[in-house]
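Encoded as structure tokens, the structure appears first; notes follow it.
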Amino acid sequence: MTPFRFVIVGGGTAGWMTALLLAKRMADPAMNQIRPVHITLLEAPDIGIIGVGEGSTPSLKRFFHQLNIPDSEWMPACQATYKTNIRFCHWTEADHDGVRQAQQYSHPFLTQLDVHSEQAFYSNCFKRRCGLAVTTDPAKFLFNGWLAERGLAPLTPVHFPFRLEYGYHFDSGLLGQFLRQKAQALGVHYQALTINQVEQWPNGCIRAVAGLNTSQQLLRIDADFFIDCSGFQAMLLQKTLQVPFQSFQNSLFNDAAVVLPTAALPDLPVETKATALSNGWAWQIPLRHRTGNGYVYSSAFTSPEAAERELRRHLRLSDDIQARHLQMRVGQVSQHWHKNCLAVGLAQGFIEPLEATALHLVQTTVESFIDCLVSHQYLQQADFANQQPAQQRFNTEVSNRFERVRDYIVAHYKLNNRQDSDYWRQNRAQQQLSESLLQLLDVWYRRGNLAQEIERQQLDSHFGNTSWHCLLAGYQVFPPLLTPPPAGIRDAYLDGQLAELFAGCCLNFPTQSALLSTGYHQRTIIN
Ligand SMILES: Cc1cc2nc3c(=O)[nH]c(=O)nc-3n(C[C@H](O)[C@H](O)[C@H](O)COP(=O)(O)OP(=O)(O)OC[C@H]3O[C@@H](n4cnc5c(N)ncnc54)[C@H](O)[C@@H]3O)c2cc1C
Numbered sequence: 342m343t344p345f346r347f348v349i350v351g352g353g354t355a356g357w358m359t360a361l362l363l364a365k366r367m368a369d370p371a372m373n374q375i376r377p378v379h380i381t382l383l384e385a386p387d388i389g390i391i392g393v394g395e396g397s398t399p400s401l402k403r404f405f406h407q408l409n410i411p412d413s414e415w416m417p418a419c420q421a422t423y424k425t426n427i428r429f430c431h432w433t434e435a436d437h438d439g440v441r442q443a444q445q446y447s448h449p450f451l452t453q454l455d456v457h458s459e460q461a462f463y464s465n466c467f468k469r470r471c472g473l474a475v476t477t478d479p480a481k482f483l484f485n486g487w488l489a490e491r492g493l494a495p496l497t498p499v500h501f502p503f504r505l506e507y508g509y510h511f512d513s514g515l516l517g518q519f520l521r522q523k524a525q526a527l528g529v530h531y532q533a534l535t536i537n538q539v540e541q542w543p544n545g546c547i548r549a550v551a552g553l554n555t556s557q558q559l560l561r562i563d564a565d566f567f568i569d570c571s572g573f574q575a576m577l578l579q580k581t582l583q584v585p586f587q588s589f590q591n592s593l594f595n596d597a598a599v600v601l602p603t604a605a606l607p608d609l610p611v612e613t614k615a616t617a618l619s620n621g622w623a624w625q626i627p628l629r630h631r632t633g634n635g636y637v638y639s640s641a642f643t644s645p646e647a648a649e650r651e652l653r654r655h656l657r658l659s660d661d662i663q664a665r666h667l668q669m670r671v672g673q674v675s676q677h678w679h680k681n682c683l684a685v686g687l688a689q690g691f692i693e694p695l696e697a698t699a700l701h702l703v704q705t706t707v708e709s710f711i712d713c714l715v716s717h718q719y720l721q722q723a724d725f726a727n728q729q730p731a732q733q734r735f736n737t738e739v740s741n742r743f744e745r746v747r748d749y750i751v752a753h754y755k756l757n758n759r760q761d762s763d764y765w766r767q768n769r770a771q772q773q774l775s776e777s778l779l780q781l782l783d784v785w786y787r788r789g790n791l792a793q794e795i796e797r798q799q800l801d802s803h804f805g806n807t808s809w810h811c812l813l814a815g816y817q818v819f820p821p822l823l824t825p826p827p828a829g830i831r832d833a834y835l836d837g838q839l840a841e842l843f844a845g846c847c848l849n850f851p852t853q854s855a856l857l858s859t860g861y862h863q864r865t866i867i868n
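Okay, so the sequence shown: first residue is 342 according to this note's numbering, each after it adds one.
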């Protein structure tokens, strides 16, 4: 049987994650019997990768798990740290005796241990939505919030009966190199090639790509299926096949970023810090060898120079460290898979990095694609000229995932109450909200059942009930308190024994700094 040939264009994180997921799944003997595959990854070394994107969601843990790569192997190679939480600073303000004060809140990743506390969190939020004064700080109810406040690493000791979820921070350049080694070990072929020509069949499918290799020789490579991981260049799906790009700019204003690394923090936090600034927000990502910082802003409201000055002020940095400026295209393609081409990573779209969802979207896109290929026998029939129902369903599913992630991010801007700039005022005033988001907010304001609404809209696989409660409670999207306060109100946090339980559990966990300095292998891990 002739092998089915995949060509992946692009050697950024998206290209190598795609190569690894494909290679791993296709190496399964049952798959190989259907049809062997041959995977080649092409990369233009002179173009380079975007080289930012250093935070993940817990799905990256699943990615490494399915590849049988333990934390102890990849984390030191990529200067990685654990992440349990995102801390949002100054996205809202509150009046205290006539003085406006910056607020902060946490969005911790949900863990198994939270079965003991999430109902108390929902119940308190509901009481607060009815005007009663009760505790609604997400970090108090979710165990990863406790770990984040104490800088504790989320690795479960052997005797601890709950599994914890966590994501990571990592150096994206080193991660790309690590994934490349692993993919090549699984049989993925690599070719440095700057593609400048794409040939198509009469039916519109891509036939071959061609370009110059590092010795300036012209090479032509044909394949059965092409995966476009060429980043914002989007050279196959958008430029060649002319699949339109749908911008999210009318609801997500940020389209640029300035990046400035600083020294590593002495006590490594287990959280990303996202601090709202005058025309966007700044991230702080703790890595072992440095701290990643960047300011994501809207070029309609500020210039690159002013944004850089503001970031330097925020970091208290002088001018001697070189900043890097980037443009971002926020939105998604109208079809992620068209003819014999799938786009993955920045080539398929990007939602700004606030919740660090880009690699999560890469992973879920590729996993769904492989499931679709295998279950609908595309590998045997290889007829990609006309769209099949399974492909349509795939495209709808991926678009829907992008839109629901977008909605969650949009809510962060829409709900702000900052007064300090037109940027924040216009974000608050913008009316481009999806039907799904409008319904969610409506249920919250009407004191309806948010969990039921999330289930009705099948949103759990994107941002679920807890994430929405963290956001809405964190933002204090509540009515004024009832006056005088009714007597006998029970606070599920103060009345319960959560603080005692969580404080006791915390005793099992070392600080991230201590754990990383002793080496991962010295600890028995059952995650
Ligand atoms: C400001 C910012 C912050 C971000 N933060 C996060 C985050 O915290 N978490 C997260 O998950 N994601 C984040 N992202 C997104 C993340 O950076 C990307 O999703 C990730 O790096 C994958 O990029 P990519 O592989 O799609 O593209 P790139 O890294 O740009 O790679 C493109 C590849 O295509 C190749 N290429 C291009 N043209 C050609 C050609 N003509 N011929 C051959 N090869 C070609 C290049 O050589 C390169 O190898 C962020 C992005 C931005 C802009």
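Even glycine gets a Cβ: it sits at the ideal position worked out from N, Cα and C.
Candidates LEU361, GLN668, HIS679, ARG787: closest to LYS523 by CA position: Stepping through the sequence shown from its first residue, residue 523 is reached at position 182. Ranking LEU361, GLN668, HIS679, ARG787 by Cα distance to LYS523 puts LEU361 first.
State buried or exposed for PHE503, treating a residue as buried only when at least 16 other CB atoms are found within 10 Å of its CB. Locating residue 503 in the sequence shown gives position 162, counting from the first residue. So PHE503 counts as exposed.
ARG797, enclosing alpha helix (DSSP H) - first and last residue: The residue you call residue 797 lines up with position 456 of the sequence shown. Annotation: the continuous alpha helix (DSSP H) that includes ARG797 extends over 791–797.
GLN673: first and last residue of the uninterrupted alpha helix (DSSP H) it sits in: Position 332 of the sequence shown, counted from the first residue, corresponds to residue 673. Where GLN673 is concerned, there is no enclosing alpha helix (DSSP H), although the beta strand (DSSP E) it sits in stretches over 672–674.
Go to PRO827, then tell me how far its alpha helix (DSSP H) extends in each direction, as first and last residue. Here residue 827 is taken as the residue at index 486 of the sequence shown, counted from 1. In the DSSP annotation of this structure, PRO827 is not part of any alpha helix (DSSP H), being labelled neither H nor E.
For PRO694, verify whether its CB is less than 7 Å away from any heavy atom of ligand 1. Counting from one through the sequence shown, the residue named residue 694 turns up at place 353. Yes.
Going by the C-beta, is GLN668 closer than 7 Å to any heavy atom of ligand 3? Only ligand 1 can be found as ligands here, which leaves ligand 3 out of the picture.
Is there at least one non-hydrogen atom of ligand 1 closer than 7 Å to the beta-carbon of SER397? Here residue 397 corresponds to residue number 56 of the sequence shown, with the count starting at 1. Yes; taking the cut-off as 7 Å, the Cβ of SER397 has a heavy atom of ligand 1 nearer than that.
Beta-carbon proximity of PHE501 to ASN849, cut-off 8 Å: Taking the sequence shown and counting its residues from 1, one reaches residue 501 at position 160. Taking the sequence shown and counting its residues from 1, one reaches residue 849 at position 508. Yes. Within cutoff.
Assuming VAL674 and VAL685 make a contact with CB atoms under 8 Å, what is their CB distance in whole Å? Along the sequence shown, one-based indexing puts residue 674 at 333. Along the sequence shown, one-based indexing puts residue 685 at 344. Under the criterion of beta carbons closer than 8 Å, VAL674 and VAL685 do not qualify as touching, at roughly 11 Å.
Does ligand 1 have even one heavy atom less than 7 Å from the beta-carbon of VAL393? Numbered from 1 along the sequence shown, position 52 holds the residue referred to as residue 393. True, at least one ligand heavy atom lies under 7 Å from that Cβ.
Could you compute how far the alpha carbon of THR422 sits from the alpha carbon of TYR754? Your numbering for residue 422 matches position 81 in the sequence shown. Your numbering for residue 754 matches position 413 in the sequence shown. The alpha-carbon atoms of THR422 and TYR754 are separated by roughly 28 Å.
Return the first residue and the last residue of the alpha helix (DSSP H) that ASP412 is part of. By 1-based counting over the sequence shown, the position of residue 412 is 71. Per DSSP, ASP412 belongs to the alpha helix (DSSP H) from 412–418.
Thinking C-alpha only, which one of CYS847, ALA844, GLY845, HIS810 is nearest GLU459? Along the sequence shown, read from residue 1 onward, the residue named residue 459 stands at position 118. That would be HIS810, whose Cα lies nearest to the Cα of GLU459.
Figure out for me which residue from ARG654, TRP432, PHE347, GLN838 has the closest Cα to the Cα of GLY815. Numbered from 1 along the sequence shown, position 474 holds the residue referred to as residue 815. Residue TRP432 holds the alpha-carbon nearest to the alpha-carbon of GLY815 among ARG654, TRP432, PHE347, GLN838.
Please report the straight-line C-alpha distance between ARG403 and SER709, rounded to a whole angstrom. Here the question's residue 403 lines up with position 62 in the sequence shown. Here the question's residue 709 lines up with position 368 in the sequence shown. Answer to the nearest angstrom: the Cα atoms are 15 Å apart.
For THR381, the residue or residues it bridges with in DSSP: Position 40 of the sequence shown, counted from the start, is the residue given in the question as residue 381. Answer is VAL348, HIS530, bridged to THR381.
Local Cβ density within 10 Å of ASN373, reported as buried at 16 or more and exposed below that: For the purposes of this step, residue 373 is identified with residue 32 of the sequence shown, where counting begins at 1. That one is exposed.
Top-ranked residue by Cα proximity to ALA699, from LEU382, SER513, ASP436, LEU483: The residue labelled residue 699 in the question sits at position 358 within the sequence shown. Nearest neighbour of ALA699 by Cα position, chosen from LEU382, SER513, ASP436, LEU483, turns out to be SER513.
Can you tell me which residues form a DSSP beta bridge with HIS510? To locate residue 510, count along the sequence shown from 1; it is residue 169. In DSSP, HIS510 forms a bridge with GLY396, THR422.
Whole-angstrom distance between PRO820 and GLU434, CA atom to CA atom: Counted from its first residue, the sequence shown places residue 434 at position 93. Counted from its first residue, the sequence shown places residue 820 at position 479. Straight-line Cα distance between these residues: approximately 15 Å.
Cβ neighbour criterion (16 or more within 10 Å) applied to ILE662: Translated into the one-based positions of the sequence shown, residue 662 becomes position 321. If you draw a 10 Å sphere on the C-beta of ILE662, you find fewer than 16 other C-beta atoms in it, and that means exposed.
Count the other CB atoms within 10 Å of the CB of MET342; is the residue buried (16 or more) or exposed (fewer)? As a first step, residue 342 must be located in the sequence shown, where it is residue number 1. Counting the other Cβ atoms within 10 Å of the Cβ of MET342 gives fewer than 16, which makes it exposed.
Quick check: the Cα distance between VAL818 and LEU779, rounded to an integer number of angstroms? Stepping through the sequence shown from its first residue, residue 818 is reached at position 477. Stepping through the sequence shown from its first residue, residue 779 is reached at position 438. Taking the straight line from one Cα to the other gives about 14 Å.
Three-way DSSP call (helix, strand, coil) for TYR749 in this model: The residue labelled residue 749 in the question sits at position 408 within the sequence shown. TYR749 falls in the helix class under three-state DSSP.
C-alpha gap between VAL378 and LEU687, whole angstroms: As a working note, residue 378 is residue 37 in the sequence shown. As a working note, residue 687 is residue 346 in the sequence shown. It is roughly 25 Å from the alpha-carbon of VAL378 to the alpha-carbon of LEU687.
Just to confirm, does VAL637 get its C-beta within under 7 Å of one of the non-hydrogen atoms of ligand 1? Taking the sequence shown and counting its residues from 1, one reaches residue 637 at position 296. Answer for VAL637: yes, Cβ within range of ligand 1.
Residue from GLY690, MET669, GLN668 whose Cα sits closest to the Cα of HIS677: Your numbering for residue 677 matches position 336 in the sequence shown. Residue GLY690 is the option with its Cα nearest to HIS677.
Beta-carbon gap between VAL671 and GLN590 smaller than 8 Å: Numbered from its first residue, the sequence shown carries residue 671 at position 330. Numbered from its first residue, the sequence shown carries residue 590 at position 249. A contact, by the Cβ cut-off of 8 Å.
From ALA605 to LEU857, what distance separates their C-alpha atoms? For the purposes of this step, residue 605 is taken as residue 264 along the sequence shown, with counting starting at 1. For the purposes of this step, residue 857 is taken as residue 516 along the sequence shown, with counting starting at 1. Rounded to the nearest angstrom, the gap between the Cα atoms of ALA605 and LEU857 is 13 Å.
Alpha helix (DSSP H) containing PRO645: first to last residue? Mapped onto the sequence shown, residue 645 falls at position 304. That run of the alpha helix (DSSP H) goes 645–656.
Buried or exposed for ILE349, going by 16 or more other Cβ atoms inside 10 Å? Position 8 of the sequence shown, counted from the start, is the residue given in the question as residue 349. Buried, by the Cβ-count rule.
How far does the beta strand (DSSP E) with CYS546 in it reach, from first residue to last? One-based indexing of the sequence shown puts residue 546 at position 205. Unbroken run through CYS546: none, as it is neither H nor E.
Relative to the alpha-carbon of ARG759, which residue among ASP412, ALA617, GLN541 has its alpha-carbon at the smallest distance? Working through the sequence shown from its first residue, we reach residue 759 at position 418. The residue with the shortest Cα to Cα distance from ARG759 is ALA617.
List the residues that DSSP assigns as beta-bridge partners of PHE586. On the sequence shown, residue 586 is found 245 positions in, with the first residue counted as 1. Answer is VAL674, bridged to PHE586.
Determine the DSSP secondary structure at CYS471, reduced to helix, strand or coil. Stepping through the sequence shown from its first residue, residue 471 is reached at position 130. Coil at CYS471, not helix or strand.
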